[in-house]
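See structure below.
There are 2 protein chains.
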Amino acid sequence: MPLAPALLNLLHETFPVGALSIAEAERLAYAYDNSRLNALPDAVVFPTEHAQVEALVRACRAHGVPLVARGRGSNTTGATVPVQGGVVASFERMNRILRIDPDNRLAVVEPGVLNGDLQQALLPFGFFWPPDPTSAPWCSIGGNLACNSAGPRTVKYGSPRENTLGLRAVAGNGEGFRCGTYTSKGATGYDLTRLLIGSEGTLALITEATLKLTPKPSAVRTLRATYRDVGSAARAVARIMAQPVTPCALEFIDDVALKLAHDHGGDSVPLAGAMLMIEVDGEPATLDSAVDAVAAAARGDGLEELRVAQSAEETRALWAARKALSPAQRTISPNKINEDVVVPVSHLPALVDGIKQLSAKHDVLIVTFGHAGNGNLHVNLLPRDDAERARAHACLADVFALVISLEGTLSGEHGIGMVKRAFMPLALEASTLALMRNIKTAFDPDGILNPGKLLP
Amino acid sequence: MPLAPALLNLLHETFPVGALSIAEAERLAYAYDNSRLNALPDAVVFPTEHAQVEALVRACRAHGVPLVARGRGSNTTGATVPVQGGVVASFERMNRILRIDPDNRLAVVEPGVLNGDLQQALLPFGFFWPPDPTSAPWCSIGGNLACNSAGPRTVKYGSPRENTLGLRAVAGNGEGFRCGTYTSKGATGYDLTRLLIGSEGTLALITEATLKLTPKPSAVRTLRATYRDVGSAARAVARIMAQPVTPCALEFIDDVALKLAHDHGGDSVPLAGAMLMIEVDGEPATLDSAVDAVAAAARGDGLEELRVAQSAEETRALWAARKALSPAQRTISPNKINEDVVVPVSHLPALVDGIKQLSAKHDVLIVTFGHAGNGNLHVNLLPRDDAERARAHACLADVFALVISLEGTLSGEHGIGMVKRAFMPLALEASTLALMRNIKTAFDPDGILNPGKLLP
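If you read the sequences in order, they're chains B and G. Residue numbering for the first sequence follows my numbering, beginning at 1 and increasing consecutively. Residue numbering for the second sequence follows my numbering, beginning at 1001 and increasing consecutively.
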């Protein structure tokens, strides 16, 4: 449905030629994200200034037209698919690093800055921003914040919610505002910063972020441990997390995933019942004792082999299995269902065991791997045809029910978007959802921001 | 104003004898907090169960009566003073530690558990909960969460917002709800947990908290550095925070405070232009290099003496000045005005310099000390009589204006309560405050929870 001419006029007043498109080719390019879902927007705009975003939200609100903020569309949940049409605001051109301030351990960035570009810019200062999704080279900070996207390092350094000091944004009511601080501590009113992080563009459009930086440890050491079975590996995870040295990555890969990666990546990938990839970081003088502590915890019933990389070359070899995993899965199932459930670490053995049973019950191939130190596992269902796809969807409901029964939740880092919306009542009480809806109304009274996402 | 008989009846149905009081002696005991402000409530109740809190909120809402949640009243902002009368709910008897779960690095507690009691209970497991306000032995976790209270350790380990996984609570609309997770990572809907933390009982009453635990480092080392002047010390703070080893305490004490503490505490307290107390923690094998790194950063223009404690005895001696400070201030000014402004660390020199100028301009004694690693300074104005008190209040407005001009904010850890409400528009834009008011309405549509606090 084309936009009303009055709205288009308003948008033309706000966006110069080239920063607003209603051409079908461009609309098609912004119709989908990494969920492979898709829906055509009526227009695409490319803001570069906060004031444009205010004008944009006001214009859309005045016409009751949906507005969907988009980073780089690397999310897997359909969070940026404009299911109800309207305007997609792609922040890819609002991508300046405004300030790098090592003395105050902060950086101020526009939302379109790529995660990887920020990390590069921080390197000479000896700092990094901890959130490290796999898509870091091509995903934007704005998207990371919208989805509370994380990665392996979260186990030690936290997610965007723990690594953001303040935001500038435009609420769904059209009002620009700042929240949070430029300081590492603050108790001045409600925490709107964390409320926006993970809200998937349903409350406000972020136009600037003040990020908390962390000093980059100067050394890192990689360990690889293989186990007889997934239970032994899961129990090792719990032991590692119960001792004082927190690794900066603690990744789990199950037997099915190892087999896949081995078939695809070759003999450098071990075959085993399960594998842990562990990284510890710190200052060089501290690393030997850190490795010893983590290695001691990794040892235990079911351990088959524990290797510590002695060189960069060996480190690369140890990570080969993990790297081979994604392409290997795609060759089997281009339409894999990619979940990222999370349970308390001590319930990992029950989770991986339960998933094996569900895989057998529904006759669907499932590989399980991911950020075990947070109890956050990627449960990937790999249906190869339509019949398997139907079974996979039935299996998925059982997976979520299992996760909830283990005190877990639907998503550790991917978010809800479209694909997990229907499962929200499984994870959250009706009263909690009602409060979330009230908050939605508080920011976006007409419900124009990213309709059809997050809240059921 | 006595409560309506119908409301009293409802409360009697909910609270057994001894858990509800309208006796004046008891109401007087719950009329004030550590702000020394005071206002008499009409009744005091002592909930011990979540269901009682639901019934309580519903009853107060039905009768339009104010309801003020109270931990132990150790806050300094009047946050628990029932300025509009009504019911005070003291959580002191709802104080069970429900679960300590080291494998999952979490503890589940009721709000009345004392911070110090929790730390004691965690010790045998090798964990701690990082927030460490000075009042830790007698302040409650519920109060810590309500005010986002922190302490020296925050510089390395974060405030309650970074150390809480989930909450159970009752919103001002009378609905009980759970939010957050039992996992160290989550991306399932809006972050209500952080929204409640620091909301000072204006949105909901917390009835249970799932706290994130941190492994307790097995060793700690204390350093004391004295400087020629406050500027040199403030610049040392910025240098320390710009290098990779983050201390677990980085406390600043200015010359006026040192003089006071010296007069009160004796010769073990050094006289100097300013002093830093620095602690580093970690595993024993890592401490020497950590101390070296921090000491190197502490050295620089203006350093007079740097001492590293070699024993527990020496550590106690080094901390003597900091400990002597509070009693020393009280002897001078029983009505000290106790602020806790915060600025980016690199602006500390400008802050301490500006405060010296304001002290001279308004002719009011000001001592400045506190958590310099977070840029969070306690600015204590010490008026000795009524005339000085009037000047002190004028000075305070200038202090806040200075702080805002330095990209800082009103409070790092004390919160807003009654005493800083009027200054909120200085720190926050009108649009931000409007969103906070919308959120207040979303949780507490009739405005019964802690009226007259936080929002202007």
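Ideal Cβ positions, reconstructed from N, Cα and C, are used throughout, including at glycine.
Euclidean distance between Cα positions of residue 1203(G) and residue 197(B): What you label residue 1203(G) is simply residue 203 of the second sequence in a count that begins at 1. What you label residue 197(B) is simply residue 197 of the first sequence in a count that begins at 1. Looking at the two C-alpha atoms, the distance is approximately 20 Å.
Burial state of residue 280(B) (16 or more Cβ within 10 Å): Taking the first sequence and counting its residues from 1, the one referred to as residue 280(B) is at position 280. When all chains shown are included, residue 280(B) counts as buried.
Collapsed DSSP secondary structure at residue 1403(G) in the structure displayed: Indexing the second sequence from 1 puts residue 1403(G) at position 403. In the structure shown, residue 1403(G) sits in a helix (DSSP, three-state: H, G or I).
Partners in chain B for residue 1318(G), counting only beta-carbon separations shorter than 7 Å: Taking the second sequence and counting its residues from 1, one reaches residue 1318(G) at position 318. In chain order: nothing, as chain B lies at least about 24 Å away.
As assigned by DSSP and simplified to three states, the class of residue 1067(G): Stepping through the second sequence from its first residue, residue 1067(G) is reached at position 67. Note: residue 1067(G) maps to strand in three-state DSSP.
Sequence-distant residues of the same chain with beta carbon closer than 6 Å to residue 1309(G), five excluded per side: If you number the second sequence from 1, residue 1309(G) lands on position 309. So the list reads 1222, 1315, 1318, once near-sequence residues are dropped.
Residues of its chain near residue 1283(G), where Cβ-Cβ distance is below 7 Å and the 5 sequence neighbours each way are ignored: The residue given as residue 1283(G) occupies position 283 in the second sequence. Closer than 7 Å at Cβ, skipping near neighbours: 1217, 1218, 1219.
Beta carbon proximity, residue 450(B) to chain G, threshold 8 Å: Reading the first sequence from its first residue, position 450 is the one you call residue 450(B). Not closer than 8 Å to any Cβ of chain G, the Cβ of residue 450(B) fails to qualify, so no.
With 16 other Cβ atoms within 10 Å as the buried cut-off, status of residue 1(B): Taking the first sequence and counting its residues from 1, one reaches residue 1(B) at position 1. Exposed is the call here.
Extent of the continuous beta strand (DSSP E) run through residue 1241(G): Within the second sequence, the letter at position 241 stands for residue 1241(G). Per DSSP, residue 1241(G) belongs to no beta strand (DSSP E); it is in the alpha helix (DSSP H), 1230-1241.
Under 7 Å from the C-beta of residue 414(B): neighbouring residues of chain G: To locate residue 414(B), count along the first sequence from 1; it is residue 414. Going along chain G in sequence order, the residues near residue 414(B) (Cβ under 7 Å) are 1187.
Where residue 1123(G) falls, given that 16 or more other Cβ within 10 Å makes a residue buried: What you label residue 1123(G) is simply residue 123 of the second sequence in a count that begins at 1. With a threshold of 16 other beta carbon atoms within 10 Å, residue 1123(G) falls short and is exposed.
Interface positions of the region 1008-1029 of chain G facing chain B (Cβ-Cβ less than 7 Å), listed along the chain: Answer in chain order: no residues at all.
Residues from the region 1120-1139 of chain G in contact with chain B, defined by Cβ distance under 8 Å: 1126
Terminal residues of the beta strand (DSSP E) in which residue 101(B) lies: For this step, residue 101(B) is matched to residue 101 along the first sequence. Its beta strand (DSSP E) spans residues 97-101.
Own chain residues within Cβ distance below 6 Å of residue 1344(G), not counting five before or after: Position 344 of the second sequence, counted from the start, is the residue given in the question as residue 1344(G). Here the set comprises 1375, 1407.
Every unbroken alpha helix (DSSP H) within the region 321-363 of chain B, with a cutoff of 4 residues, ordered by chain: 348-362
Residue 142(B) - partner residues in DSSP beta bridges: The sequence position of residue 142(B) within the first sequence is 142, counting from 1. Paired residues: none, contrary to the question.
Extent of the continuous beta strand (DSSP E) to which residue 461(B) belongs: This structure cannot settle anything about residue 461(B), because the visible part of chain B is limited to 1 through 456.
Neighbour flag for residue 425(B) against chain G, beta carbons, 8 Å: Locating residue 425(B) in the first sequence gives position 425, counting from the first residue. Chain G contact via Cβ: absent.
Residue span of the beta strand (DSSP E) that contains residue 90(B), given as start and end: For this step, residue 90(B) is matched to residue 90 along the first sequence. Per DSSP, residue 90(B) is one residue of the beta strand (DSSP E) stretching across 87-90.
Cα-Cα separation, residue 232(B) to residue 273(B): Stepping through the first sequence from its first residue, residue 232(B) is reached at position 232. Stepping through the first sequence from its first residue, residue 273(B) is reached at position 273. Straight-line Cα distance between these residues: approximately 9 Å.
Supposed contact pair residue 77(B) and residue 370(B) - C-beta distance, whole angstroms, cut 8 Å: Here the question's residue 370(B) lines up with position 370 in the first sequence. Here the question's residue 77(B) lines up with position 77 in the first sequence. Not a contact, Cβ separation roughly 16 Å.
Residue from 1188(G), 1338(G), 1299(G) whose Cα sits closest to the Cα of residue 427(B): The residue labelled residue 427(B) in the question sits at position 427 within the first sequence. Selected option, being the one with the closest Cα: 1188(G).
The region 259-268 of chain B contacting the region 287-302 of chain B, beta-carbon criterion three pairs below 8 Å: no
Start and end residues, alpha helix (DSSP H) containing residue 1450(G): Locating residue 1450(G) in the second sequence gives position 450, where the first residue counts as 1. Residue 1450(G) -> no alpha helix (DSSP H), and no H or E assigned at all.
Which of helix, strand or coil DSSP assigns to residue 1224(G): Residue numbering aside, residue 1224(G) sits at position 224 when the second sequence is read from its first letter. Looking at residue 1224(G) - three-state DSSP - the assignment turns out to be strand.
Unbroken alpha helix (DSSP H) run spanning residue 287(B), endpoints: For this step, residue 287(B) is matched to residue 287 along the first sequence. Per DSSP, residue 287(B) belongs to the alpha helix (DSSP H) from 284-298.
Neighbour-count burial assignment, residue 330(B), 16 or more Cβ in a 10 Å radius: Position 330 of the first sequence holds residue 330(B). With fewer than 16 neighbouring CB atoms inside 10 Å of its own CB, residue 330(B) falls in the exposed class.
For residue 1242(G) and residue 102(B), believed in contact at Cβ under 8 Å, the rounded distance: If you number the first sequence from 1, residue 102(B) lands on position 102. If you number the second sequence from 1, residue 1242(G) lands on position 242. Contact annotation, residue 102(B) with residue 1242(G): C-beta distance approximately 5 Å; criterion of less than 8 Å satisfied.
Buried or exposed by the 16-neighbour rule on C-beta atoms within 10 Å, applied to residue 6(B): Within the first sequence, the letter at position 6 stands for residue 6(B). So residue 6(B) ends up on the exposed side.
C-beta contact flag for residue 39(B) and residue 29(B) at 8 Å: For the purposes of this step, residue 39(B) is taken as residue 39 along the first sequence, with counting starting at 1. For the purposes of this step, residue 29(B) is taken as residue 29 along the first sequence, with counting starting at 1. Against a cut-off of 8 Å, the Cβ pair of residue 29(B) and residue 39(B) comes out as no contact.
Selection from 34(B), 225(B), 340(B) that minimises the alpha carbon distance to residue 307(B): Position 307 of the first sequence, counted from the start, is the residue given in the question as residue 307(B). Residue 225(B) is the option with its Cα nearest to residue 307(B).
Inter-residue CB distance, residue 92(B) and residue 112(B) (contact presumed, cutoff 8 Å): Translated into the one-based positions of the first sequence, residue 92(B) becomes position 92. Translated into the one-based positions of the first sequence, residue 112(B) becomes position 112. Separation of the CB atoms of residue 92(B) and residue 112(B) is rounded to 5 Å, and the pair is thereby assigned contact status at 8 Å.
Residue closest to residue 1012(G), alpha-carbon to alpha-carbon, out of 1037(G), 1059(G), 1033(G), 1109(G): Start at 1 with the first residue of the second sequence, and residue 1012(G) comes out as number 12. Answer by Cα proximity: 1059(G).
Beta carbon of residue 119(B) nearer than 8 Å to that of residue 128(B): If you number the first sequence from 1, residue 119(B) lands on position 119. If you number the first sequence from 1, residue 128(B) lands on position 128. Cβ atoms of residue 119(B) and residue 128(B): closer than 8 Å.
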